[in-house]
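For the sequence shown, position 50 matches number 50 in the UniProt record's numbering, and the numbering has no gaps at all. Cβ atoms here follow ideal geometry from the backbone N, Cα and C, with glycine treated the same way. Written below as structure tokens is the structure these notes are about.
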Amino acid sequence: MGTPNASVLASQDLVDPDDNFLFEVHQYLDANYSGTSQEIAHDPVQALTAFTEWLKSTGNKGFLGEFAVSEGDAQQEAVSSMLEYIQ
1 MGTPNASVLA SQDLVDPDDN FLFEVHQYLD ANYSGTSQEI AHDPVQALTA FTEWLKSTGN
61 KGFLGEFAVS EGDAQQEAVS SMLEYIQ
């Protein structure tokens, strides 16, 4: 979760009496969160684990709506591990 959204959501006592909340997360693997840099700066599994644990602890649902990474073997391996985690 990006810092601004995570800070806001974590500090709120959100109530969804009809159980309709669904949180979307985007995951970009480079330092500027654009998915265009060759350097992988973030462990996608670690980031998604934090999001997943937050969902579990709050009883919410969520999904990975968008992700990006530049071309390369290491980048594709990172995407593969991320997709394997969410399955």
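Next on the checklist: What would DSSP say about Leu29, mapped onto helix, strand or coil?
Outcome noted: coil
Checklist entry - Considering Ala68, what are the terminal residues of the beta strand (DSSP E) in which it resides? => result Lys61 to Ala68
Checklist entry - Secondary structure at Leu14, three-state DSSP: helix, strand or coil? => result DSSP places Leu14 in coil when its eight states are reduced to three.
Item to check | Option nearest Asp19 by Cα separation, candidates Leu55, His42 and Gln76 | outcome: Across the set Leu55, His42 and Gln76, the C-alpha of Leu55 shows the shortest separation from the C-alpha of Asp19.
Next on the checklist: For a test of the three-state rule: what should DSSP assign to Phe21, helix, strand or coil?
Outcome noted: coil
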